[in-house]
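Residue numbers (our numbering), protein chains in the order written: chain A, 1 to 270; chain B, 1001 to 1465.
Glycine included, C-beta positions come from ideal geometry on N, C-alpha and C.
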């Protein structure tokens, strides 16, 4: 949705991952773009919406309000939805931006307010207690860069729990939003997340879950054939290891060094 | 003078420690005498500032070359690593005598300035000419959004006196609008439309280095009849509110096949037309050459002298820099954002290389977020027989290639994937035939690592610090 407006963080890679992984299982994939001014959202098994800059996000907000019912219809029919960063914020109830409040269609049960500092950096997060259609022992990884602080609605589920990074708001260690098929009376799997990278090539288990549930069209997920994704998992595991090693190194810098260095730094204005 | 002496001491100290830092001497001098930079700058001759996402180093280098050919001595210039306010201060203070005056009063200066430092720097040094090259999406983790950069530049332009001439790219609608609104005197440079730039493509499953640009008046997406790099092109508002102006200096480039020998860049303007030979490749080099010539004209140099001064120009660090190892040719291109890498990929493919090594690191100088590689069009490299991947994020390059559009036929021929630069370079050189060509496309610290291997072999000079 809105690939020409929300295209800032390589999120086109998410589209490609769905296409390539579905085609690898022998499915024909038809790709359509919902652009500003579209009358409705066409029938789909998977819906993807990416991140954008503030100005584009304002433009998209109007479109999301207008097309909200149409998006809901698709999810009711069983379409999977992945919303990243700006798209995640925009599909919630509201986004209190620095430039003014933006109302959203509330398809994802979250509210976002702008924070003063951007939350930027690599993220490693454990998939939560929620029994998603995926192996729970694999983390999700990505890169976050957002000023928004997102808070889940009462009883709403987070997608993952932050191990390294900031997540939804830098405070409660939640990352993203998750609604499973059947939640809220809707058939589709809904994931909102702040993770770029792009997200899906680096997290193939989530890509497959979106495809399997979407192709189930409201029924049970289809069984996808195994494909060779050793390369993805090797990359995934090396990234997690690198992030953990980096964190451990940072934690090891003893306090007494900063007790000496900090006054000197403040003296010379560094 | 205390500020200058202490700063000189710091400069030596920094050198002894072997640190590459360039900001400390200037910082110390400014702590002691906050007015030292503006006082020293007042003694300078013409001062040119160069800002923009892509091409700052090459354009500064070319402009300096023109000044040197006209003045008979090189202008004062900063190193690309010293393009923040304190780096400029260090550069100036190093030129001061013991009395705190400039050693060569009246000397001209060419400074490249970081996008986010411009508003600070113009508070202390007033440029005679400000060159605004372009504005692309770049390192969102550091720069923030394109709009943020534009606002900072707007603030900077408000601080400039009416005597400053702003040189801007006619093909970049955001740059053009910025300068027009500032009301400052303006000279434009741009590409002369010709072959090879009719590449307008909007596909959702294709990567796109093109940001949608909205009409500054009505907000509708601008339309283009041709595009060169990213969103640069012949743009117009569909409702007719604004359109590209004819540049004061237009440039066309004639690059020899397989990149052997110099390119011929031809400039058109009220002076007629005239060519220069430069050892630079790609459309970005044409833009940078035009920017340098236009800056020189704005500084009062005659067009013919400016273009003559460009003749024989060679590339800066990693701007299609060439090295030879045992008869094999290595061409190195620095890549840093979707626009610059898409352009470099095209240039690389046109060289029909035997092998391509792509290096991706995620240090702060590279940009910690590497997701931009997904917005680069890598398809032109599909025909390359040997591809190598290196750097701390070579895994991400591997995935990027794996998930390239699936319809295309040729598989990628990845022959090596290894983090360490030295190992990767050796592996690639081993598969390039004698007299063959290896192209290296790498982010800043990755290219530094690869280049330092070549430095140790003595086939390229050390990067000047």
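| Check | Outcome |
| --- | --- |
| Chain A within 8 Å of residue 1273 of chain B, Cβ atoms only | no |
| Rounded C-alpha distance that separates residue 145 of chain A from residue 196 of chain A | 8 Å |
| Under the three-state DSSP convention, the category residue 1319 of chain B falls into | strand |
| Chain A contact for residue 1140 of chain B (CB, 8 Å cutoff) | yes |
| Under the three-state DSSP convention, the category residue 1274 of chain B falls into | strand |
| Proximity winner among B:1172, B:1128, B:1151 and B:1108, relative to residue 1135 of chain B (alpha-carbon distances) | B:1172 |
| Proximal residues of chain A, C-beta to C-beta of residue 1374 of chain B below 7 Å | 10, 12, 13 and 198 |
| Neighbouring residues, chain B, relative to residue 17 of chain A (Cβ below 7 Å) | 1403 |
| Reduced DSSP secondary structure (H/G/I, E/B, other) of residue 2 of chain A | coil |
| Residue 1050 of chain B vs residue 1133 of chain B beta-carbon contact at 8 Å | yes |
| Beta carbon of residue 239 of chain A nearer than 8 Å to that of residue 1375 of chain B | no |
| Chain A residues whose Cβ lies nearer than 9 Å to that of residue 1137 of chain B | 8 and 53 |
| Rounded straight-line distance, which links the Cα of residue 1455 of chain B to that of residue 93 of chain A | 57 Å |
| Collapsed DSSP secondary structure at residue 84 of chain A in the structure displayed | strand |
| For residue 16 of chain A, three-class secondary structure by DSSP | helix |
| Within 8 Å, strictly: CB atoms of residue 962 of chain B and residue 1066 of chain B | Absent from the structure is residue 962 of chain B, since the part of chain B shown begins at 1001 and ends at 1465. |
| Whole runs of the beta strand (DSSP E) within the region 190-226 of chain A, excluding any shorter than 3 residues | 190-193 |
| For residue 1444 of chain B, the first and last residue of its enclosing alpha helix (DSSP H) | 1444-1456 |
| Alpha-carbon to alpha-carbon, residue 110 of chain A and residue 1048 of chain B | 50 Å |
| Test: residue 1146 of chain B CB closer than 8 Å to a CB of chain A | yes |
| Chain-ordered neighbours of residue 128 of chain A on chain B, where CB pairs are closer than 7 Å | Within chain B, no residue comes near residue 128 of chain A; the closest Cβ sits about 24 Å away, beyond 7 Å. |
| Whole-angstrom distance between residue 1092 of chain B and residue 1075 of chain B, CA atom to CA atom | 12 Å |
| Separation of residue 118 of chain A from residue 1246 of chain B, as counted between CA atoms | 40 Å |
| Buried/exposed call for residue 234 of chain A, threshold 16 Cβ in 10 Å | exposed |
| Residues bridged to residue 1439 of chain B [DSSP beta-bridge criterion] | B:1331 and B:1356 |
| Per-residue burial, residue 1237 of chain B [other beta carbons within 10 Å of its own, 16 or more giving buried] | buried |
| is_contact[residue 1033 of chain B, chain A] using C-beta, thresh 8 Å | no |
| Identified DSSP bridge partners for residue 1233 of chain B | B:1227 |
| Contacting residues, own chain, Cβ-Cβ under 6 Å from residue 1027 of chain B (five flanking each side not counted) | 1086 |
| When B:1189, B:1070 and B:1435 are compared against residue 1330 of chain B, the one with the closest alpha-carbon | B:1435 |
| Min CB distance residue 1398 of chain B to chain A below 8 Å | yes |
| For residue 1146 of chain B, the nearest candidate out of A:32, A:242 and A:52 (CA to CA) | A:52 |
| Delimiting residues of the alpha helix (DSSP H) encompassing residue 1287 of chain B | 1282-1298 |
| Residue 1101 of chain B versus B:1161, B:1036, B:1449 and B:1235, residue with shortest Cα-Cα distance | B:1036 |
| Under 9 Å by beta carbon: chain B residues contacting residue 42 of chain A | Near residue 42 of chain A there are no residues of chain B at all, since even the closest Cβ is about 13 Å away, more than 9 Å. |
| For residue 1025 of chain B, the three-state DSSP class (helix, strand or coil) | helix |
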